[in-house]
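These notes concern the structure reproduced below.
Number of protein chains: 2
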Amino acid sequence: MKKINPPDHVGIYSSIPLFQSLNEEQRRALDSISARRSFKKGQKIFLEGEKAAGFYIVLSGRVKVFKSSAGGREQILRFFEPGDSFGEVPMFTGGGFPASAESCSETSVLFLSREGFVALIRDNPSLAMNMLAVLSKRLHQLSAVIEDLSLREIPGRLAAHLLFLDRGNDGGEMDLDLPKGELARLLGTIPETLSRILGRMVREGLIRLKGQKIIILDRGGVEEIAVGTRKLS
Amino acid sequence: MKKINPPDHVGIYSSIPLFQSLNEEQRRALDSISARRSFKKGQKIFLEGEKAAGFYIVLSGRVKVFKSSAGGREQILRFFEPGDSFGEVPMFTGGGFPASAESCSETSVLFLSREGFVALIRDNPSLAMNMLAVLSKRLHQLSAVIEDLSLREIPGRLAAHLLFLDRGNDGGEMDLDLPKGELARLLGTIPETLSRILGRMVREGLIRLKGQKIIILDRGGVEEIAVGTRKLS
DNA sequence: CGGAAGATTGATCAGTTTCAAGCTCCGTGG
DNA sequence: CCACGGAGCTTGAAACTGATCAATCTTCCG
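Protein chains in written order, with the numbering used here: chain A, 1 to 233; chain B, 1 to 233.
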């Protein structure tokens with residue numbers, strides 16, 4: 001499991017992409033505007049609409065950011081892992097958080113105060129550029145989520161996700177890395193539906209599945225499902 | 001109709017929110033890195049995945065940014081109007097555009113070169129802050145789209161959109177401001193479905209509709225639909 | 001070993017899309 | 001000035017996807 005937990009505090013920042021371009025002095029400046037916080041599994045970190053006093057960076061554990069509906073349904077926007085920052089939006093809009101955040105496990109985060117960070121950005125052009133890059137990548141990701149939700153049906157989303165998990169380890173066994181219920185909420189559906197579709201994929205010999213372990217048996221077939229060329233019967 | 005087309009070029013920039021904080025000299029600098037471009041109705045401005053040499057600002061007309069699927073379906077992410085910038089993402093990610101852009105009418109835009117603008121940002125902290133604010137607002141918007149697509153059904157999305165259009169002019173007649181087919185693609189559906197749902201709303205006395213003109217007759221009712229408290233029969 | 005949370009399965013239902021046909025509006029050209 | 005033609009919009013019937021509800025099974029911890 002990834003974890004950011006080095007001996008001295010300079011090391012903390014050097015393993016955070018956002019701060020790559022800062023020098024020692026600037027990193028020390030971060031110390032005075034940041035604080036560690038810990039969350040137990042399932043704790044709320046912030047709620048949609050809340051005002052923010054700053055933003056967060058994951059040090060260890062995992063955080064999910066999600067939207068929830070009146071009816072109790074939940075759409076996960078993304079999981080954040082060690083090194084990822086989250087909750088930046090209200091720092092720059094002045095409004096509230098666009099979504100809620102909750103820890104998925106024992107989690108430790110770094111909290112950075114808004115004023116401090118904004119000041120730091122003001123005379124660190126490269127920090128500003130890094131943050132622009134972070135937000136831009138986030139926009140790209142959200143666009144992809146929208147594409148999934150609007151233009152693809154669930155088997156396609158699932159297939160694409162499996163191929164994403166499989167990047168690099170062709171054919172080998174891999175881990176879903178999430179409880180199936182969470183995966184369902186990430187794909188914009190519910191556990192029952194996910195279960196059924198996984199079942200169909202198994203029946204058609206596309207994948208093998210035991211617990212959270214999964215193997216892609218027919219990569220070409222899965223790709224066809226992802227693209228929409230082929231359908232599950 | 002809004003239009004940005006002032007006598008001298010300083011004026012151009014002063015009516016663009018992104019450049020509010022720049023002084024005269026900095027605005028003159030923009031001149032050397034920007035160029036006007038014109039598009040006729042329905043012309044592609046860029047395609048998803050294309051590499052970018054810069055980004056755009058709408059001067060007059062309207063631009064839609066959208067995702068399209070293999071099956072020919074289309075999800076509009078947003079419309080951009082005079083003063084709005086669009087297509088910034090690849091400037092900061094180094095990748096391609098996350099979506100495609102097309103003019104909705106005779107449209108004139110300002111194109112700003114990537115290198116020039118990045119250089120400008122580097123020694124204009126407030127320009128960087130403005131851009132951070134722009135991207136953050138965009139993230140907020142996309143989150144809202146995701147919420148709509150995943151957590152709400154179509155009558156709810158439509159009702160929310162009508163209330164949005166109505167902000168300020170309680171009860172008066174207003175304009176859809178879009179062909180119904182485009183509205184459908186903005187709400188994540190197809191013209192047939194939109195037509196039926198508008199029909200149901202009329203039948204229930206929630207709205208009156210003639211062409212693109214629409215009046216909200218029962219604001220409370222429309223709000224209930226938007227929130228999900230009430231359903232159309 | 002017991003119990004609770006998570007996962008699967010089946011039957012049913014609701015919402016949305018698809019396909020097909022017809023209609024309306026409006027600009028163009030005869 | 002009217003007729004034509006086409007795009008956009010509407011309407012209907014049928015098909016489909018995914019959600020809901022309810023029951024059962026599994027897993028994993030305490």
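Don't be surprised by glycine CBs; every beta carbon is placed ideally from N, CA and C.
Any chain B beta carbon closer than 9 Å to residue 147 (chain A)
For residue 147 (chain A), the answer is yes, since a Cβ of chain B falls inside 9 Å of its Cβ.
- Query: CB residue 110 (chain B) to CB residue 57 (chain B), shorter than 9 Å?
  - Reply: Pairing residue 110 (chain B) with residue 57 (chain B) gives a Cβ-Cβ distance under 9 Å.
- Query: If the cut is a Cβ gap below 7 Å, which residues of chain A does residue 138 (chain B) touch?
  - Reply: Residues of chain A passing the Cβ test: 139.
Proximity winner among A:123, A:189 and A:156, relative to residue 72 (chain A) (alpha-carbon distances): A:189
In whole angstroms, give me the CA-to-CA distance for residue 115 (chain A) and residue 47 (chain A).
Roughly 21 Å separates the two Cα atoms.
I believe residue 97 (chain B) touches residue 24 (chain B) by the beta-carbon criterion, under 8 Å. Please report the beta-carbon distance rounded to the nearest angstrom.
The Cβ separation is near 32 Å, so there is no contact.
Item to complete: From the DSSP output, in three-state form, read off residue 221 (chain A) for me.
Response: helix
| said: At the level of alpha carbons, what is the spacing between residue 19 (chain A) and residue 140 (chain A)? | reply: 21 Å
ask   = When you compare only the Cα positions, how much space is there between residue 157 (chain A) and residue 148 (chain A)?
value = 6 Å
*Excluding the five sequence neighbours on either side, which residues of its own chain have a C-beta within less than 6 Å of the C-beta of residue 37 (chain A), listed in chain order?*
109 and 111
- Message: Any beta carbon of chain A sitting closer than 9 Å to that of residue 7 (chain B)?
- Response: Here residue 7 (chain B) scores only 44 on pLDDT, less than 50, and its place in the model should not be relied on; the value that follows carries that caveat. Under the Cβ criterion of 9 Å, residue 7 (chain B) is not counted among the residues facing chain A.
Check your understanding: residue 150 (chain A) CB to nearest chain B CB: under 9 Å?
Key -> yes
Subject >> Simplified DSSP state of residue 164 (chain A), which is helix, strand or coil >> reply: For residue 164 (chain A), the three-state secondary structure derived from DSSP is helix.
* Helix, strand or coil for residue 70 (chain A) per DSSP? -> Assigned with DSSP and collapsed to three states, residue 70 (chain A) falls in coil, not helix or strand.
- Going straight from the alpha carbon of residue 7 (chain B) to that of residue 29 (chain B), what length do you get? In this prediction, residue 7 (chain B) scores a pLDDT of 44, lower than 50, which makes its location untrustworthy; the coordinate-derived value is nonetheless stated afterwards. Going from the Cα of residue 7 (chain B) to the Cα of residue 29 (chain B) covers about 18 Å.
Exercise. Exposed or buried, residue 226 (chain A), counting other C-beta atoms within 10 Å across all chains shown (16 or more means buried)?
Worked result: Looking at its Cβ environment, which holds 16 or more other Cβ atoms inside 10 Å, residue 226 (chain A) is buried.
Using a beta-carbon distance below 9 Å, is residue 20 (chain A) in contact with chain B? no
| Proximity below 9 Å, CB of residue 105 (chain B) to CB of residue 62 (chain B) | It is a contact, given that the beta carbons lie within the stated cut-off.
_For residue 155 (chain A), which residues in the same chain have their Cβ closer than 8 Å to its Cβ, ignoring the five residues on either side in sequence?_
197, 200, 201, 225, 231 and 232
**Item:** Helix, strand or coil at residue 14 (chain A) according to DSSP, with G and I counted as helix
**Value:** helix
Consult DSSP for residue 189 (chain B) and reduce its assignment to one of helix, strand or coil. coil
Check your understanding: CA-CA distance, residue 153 (chain A) and residue 42 (chain B)?
Key -> 28 Å
Exercise. In or out: residue 164 (chain A) buried (at least 16 other Cβ within 10 Å) or exposed?
Worked result: Exposed, because fewer than 16 other Cβ atoms sit within 10 Å of the Cβ of residue 164 (chain A).
**Message:** Could you pull the DSSP bridge partners for residue 107 (chain B) from this structure?
**Reply:** B:39
Exposed or buried, what is residue 87 (chain A) when buried is set at 16 or more other beta-carbons lying within 10 Å of its beta-carbon? buried
Inset, instruction - Taking 9 Å as the cut-off, decide whether the C-beta atoms of residue 93 (chain B) and residue 136 (chain A) are in contact. - result: Yes.
Exercise. Alpha carbon to alpha carbon, how far is residue 67 (chain B) from residue 126 (chain B)?
Worked result: 32 Å
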